[in-house]
Structure formats: structure tokens, C-alpha cells
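Take a look at the structure below.
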Amino acid sequence: MTTVDLTALRRDIASLGERNAHAAQRSTFDLGDNEIDRVFHEGMQRGAVHEIFAEEAGDAGAATGFAIALVLRASPDQSPILWLEEDFAAQENGFPYAPGLQNIGLDPQRLIIVRCASPQDVLKAASDSLGIRGTGAVIIAPWSNPKCLDLTASRKLLLTAQQTDVPAFLLRLGAYPSENAAITRWLIRAAPSQSSGANAPGHPVFDATLIRNRQGMTGHWILQWESDDHVFRQIEPVSGTMVSAPSYRPPQTRKSGTRPY
Numbered sequence: 035m036t037t038v039d040l041t042a043l044r045r046d047i048a049s050l051g052e053r054n055a056h057a058a059q060r061s062t063f064d065l066g067d068n069e070i071d072r073v074f075h076e077g078m079q080r081g082a083v084h085e086i087f088a089e090e091a092g093d094a095g096a097a098t099g100f101a102i103a104l105v106l107r108a109s110p111d112q113s114p115i116l117w118l119e120e121d122f123a124a125q126e127n128g129f130p131y132a133p134g135l136q137n138i139g140l141d142p143q144r145l146i147i148v149r150c151a152s153p154q155d156v157l158k159a160a161s162d163s164l165g166i167r168g169t170g171a172v173i174i175a176p177w178s179n180p181k182c183l184d185l186t187a188s189r190k191l192l193l194t195a196q197q198t199d200v201p202a203f204l205l206r207l208g209a210y211p212s213e214n215a216a217i218t219r220w221l222i223r224a225a226p227s228q229s230s231g232a233n234a235p236g237h238p239v240f241d242a243t244l245i246r247n248r249q250g251m252t253g254h255w256i257l258q259w260e261s262d263d264h265v266f267r268q269i270e271p272v273s274g275t276m277v278s279a280p281s282y283r284p285p286q287t288r289k290s291g292t293r294p295y
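Per our numbering, the sequence shown starts with residue 35, numbered consecutively.
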């Protein structure tokens with residue numbers, strides 16, 4: 035695997051970001067469904083850390099797809115998106131699949147994937163990337179629960195994201211929740227899609243539980259992602275405003291060749 039020069043990467047992303055430096059940036063974003071967006075009061079913070087968990091190993095694809103959908107809501111322009119991933123995560127869950135990215139609405143040309151040898155390298159690359167104004171979003175994917183991803187490290191990521199208004203999405207596969215500075219925390223399960231007719235596949239559907247929301251209430255929804263319009267629509271209504279976090283255990287891991295996204 036090619037060694038990544040983080041200094042060169044920072045310079046390259048900065049030059050790409052200059053194309054969008056004067057584009058309208060929102061300090062908040064929403065999901066696109068008025069009923070759900072009410073729980074965030076004034077919207078989800080753009081310059082913040084948002085955390086996405088897969089409940090079980092089989093939900094890794096769903097959690098990844100949900101994270102990408104949030105990225106597209108937070109960064110609707112063509113600014114570059116960084117995907118920073120630990121090598122072991124790629125070995126366990128496969129590699130992003132370009133046609134799958136296109137199907138969910140993400141142009142693969144926007145995506146810059148950086149694979150790192152250790153979780154420390156992932157966090158270092160994340161800090162560098164979040165510090166570049168003009169970056170559309172940063173997906174941060176260490177494997178499991180590394181000790182280096184503690185409250186202090188997550189606060190540093192949050193402060194950097196707030197300073198540059200660049201959203202950070204912590205994709206937590208093979209992991210369980212622990213104390214950190216994330217503004218929102220989502221638990222994602224796979225859910226069946228509804229056919230669009232003639233046995234054609236339907237839109238992606240997610241069983242999404244918001245188990246932490248520092249901006250308002252929590253809740254549980256079955257959400258359909260409409261890839262063409264880049265919006266979420268709820269299939270089932272909100273199930274209350276406050277939900278308690280279930281008991282977690284580290285999900286069983288399994289290996290696969292290619293992720294759907």
C-alpha cells in the first residue's frame with residue numbers, strides 16, 4: 035500500500051477546496067423531513083462531530099450508507115470529501131464500491147480515500163483534514179474502540195470542526211459507544227426497502243435511532259433515503275421524543291470483499 039504524505043494531502047485538498055471557498059456554507063443542516071428536523075431545534079451543527087454506529091456486524095453496510103447520506107445533506111456542493119480509514123476496517127468490511135456510491139447519490143470523483151496503518155494515524159489525518167476550510171466533510175473510520183479515541187481526542191476534533199465549519203462523521207464499525215464529544219450519536223440497523231415497481235429495487239431504508247442529541251431530543255425512525263433528491267423521508271412516525279440507549283456489546287466481525295457503498 036502506498037504511504038500517504040499528509041503534508042501533500044493537506045496541500046492538495048486545500049487547492050481543491052479553493053474552488054468552493056466562496057460557496058454558501060451553512061452553519062447547520064437538516065435531514066429534509068420537517069417532522070424529524072424538529073428534534074434539532076435550529077438544525078444539526080455543520081462544524082461538529084457526528085457519530086454513527088452499526089448495531090451488528092451485518093449492519094455495517096447500512097451504517098456506512100447512512101453516514102454517506104448525512105455527508106450529502108451536510109455538504110450539498112461539489113467540495114471534496116475525505117474518507118479516512120484504518121487498514122483493519124477495510125480488511126473486515128471491504129472497500130467502497132463506486133457504483134454503490136453513485137446509487138446512493140455520491141459522485142465518486144468527490145471522494146478521497148486515505149487508508150492508515152493505525153488509529154493514531156487516522157486521528158492525525160482527521161485533525162489535518164478538518165483544519166482545511168473548503169473541505170466538504172470528513173468521514174473518520176477507525177476500527178473498534180481504540181484507546182486513542184478518548185474524550186480529549188474527540189474534543190480536539192470537535193474544536194477543529196467548529197473553527198473551520200467542516201463536518202466530521204465518526205463511522206464506528208465493530209465498536210460500542212463510549213464517552214466522547216460527539217454532538218449526535220446514531221445507532222443504525224438495516225431495514226427492508228420498498229420496491230419501486232416491476233420488482234425494481236427501492237430506495238435505501240435505515241432503521242435509525244438517535245441516542246444522543248446535544249441540540250435537542252432523541253428518537254427512533256424508519257427512514258428512506260431518496261438518492262435523487264438527497265433527502266430523508268420517514269416511513270414510520272417518530273416513536274417518542276426520548277429513548278434510552280440499549281445495552282451494547284461489541285458486534286461480531288465478519289469479512290467481506292466489497293462494501294455496497
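Beta carbons are placed, not taken as given, at the ideal position from N, Cα and C, and that holds for glycine.
Since we're looking at a predicted model, the values are computed, not measured.
Closest by CA to residue i, which one among the options?
i              : options                           : result
aspartate 184  : Pro211, Ala123 and Ile115         : Pro211
valine 156     : Gln143, Ala171, Leu140 and Cys182 : Cys182
glutamine 258  : Pro201, Thr252, Leu244 and Ile269 : Ile269
alanine 187    : Asp111, Gln112 and Ser161         : Ser161
leucine 244    : Ile256, Arg72 and Trp220          : Trp220
leucine 207    : Asp121, Asp111 and Thr194         : Asp121
glycine 168    : Phe87, Asn247, Phe266 and Gln197  : Gln197
arginine 149   : Ala123, Gln143 and Gly170         : Ala123
isoleucine 173 : Ile222, Leu104 and Asp262         : Leu104
isoleucine 222 : Ala91, Phe74, Gly81 and Asp71     : Ala91
serine 261     : Phe87, Gly170, Asp141 and Leu192  : Asp141
proline 130    : Gln154, Gly99, Ala108 and Ser109  : Gly99
proline 180    : Asp199, Val239 and Leu204         : Leu204
glutamine 228  : Asp199, Phe87 and Arg267          : Arg267
alanine 175    : Gly165, Pro153, Gly95 and Ala96   : Pro153
threonine 194  : Ala96, Gly165 and Arg72           : Gly165
Do residue j and residue i count as a contact pair if the criterion is CB distance below 8 Å?
i              : j              : result
threonine 62   : glutamate 85   : no
aspartate 241  : alanine 225    : yes
leucine 106    : histidine 237  : no
valine 83      : alanine 202    : yes
isoleucine 102 : tryptophan 255 : no
isoleucine 217 : arginine 248   : yes
serine 109     : glycine 170    : yes
leucine 116    : isoleucine 146 : yes
Let's test the definition: count the other Cβ atoms within 10 Å of the Cβ of residue i and tell me whether it reaches 16, buried, or not, exposed.
i              : result
glutamate 369  : Outside the displayed range of the chain (35 to 295) lies residue 369, so it cannot be described from this structure.
glutamine 79   : buried
asparagine 127 : buried
asparagine 68  : exposed
glycine 114    : At residue 114 the sequence reads proline, which differs from the glycine that was named. By the 10 Å Cβ count, proline 114 comes out buried.
alanine 58     : Confidence in alanine 58 is poor, its pLDDT being 39 and thus under 50, which makes the residue's placement unreliable; the coordinate value appears in the next sentence. With fewer than 16 Cβ atoms within 10 Å of its Cβ, alanine 58 is classed as exposed.
glutamate 213  : exposed
arginine 144   : buried
proline 235    : exposed
alanine 151    : exposed
aspartate 93   : buried
Can you look up residue i in the DSSP assignment and give me helix, strand or coil?
i              : result
arginine 219   : strand
asparagine 127 : helix
glycine 95     : helix
serine 278     : With a pLDDT of only 41 at serine 278, under 50, the local geometry of the prediction cannot be trusted, and no value is derived from it.
arginine 283   : For arginine 283, the predicted structure reports a pLDDT of 45, less than 50, and the residue's modelled location is therefore unreliable. The matter cannot be settled from this model.
glycine 134    : helix
threonine 243  : strand
histidine 56   : Any reading at histidine 56 must be qualified, since the residue scores a pLDDT of 40, below 50, and its modelled position is unreliable; the value itself is stated next. DSSP places histidine 56 in coil when its eight states are reduced to three.
arginine 213   : A small fix is needed here, since residue 213 is glutamate in this sequence, not arginine. It is coil, neither helix nor strand.
threonine 194  : helix
glutamate 69   : helix
alanine 160    : helix
valine 105     : helix
glutamine 249  : coil
arginine 149   : strand
leucine 140    : coil
threonine 169  : coil
leucine 185    : helix
glutamine 154  : helix
glycine 51     : Model confidence at glycine 51 stands at a pLDDT of 48, short of 50, so the residue's coordinates are unreliable and nothing is read from them.
- Message: For the structure I just gave you, are there three or more beta carbon pairs, one from the region 161-174 and one from the region 130-140, closer than 8 Å?
- Response: no
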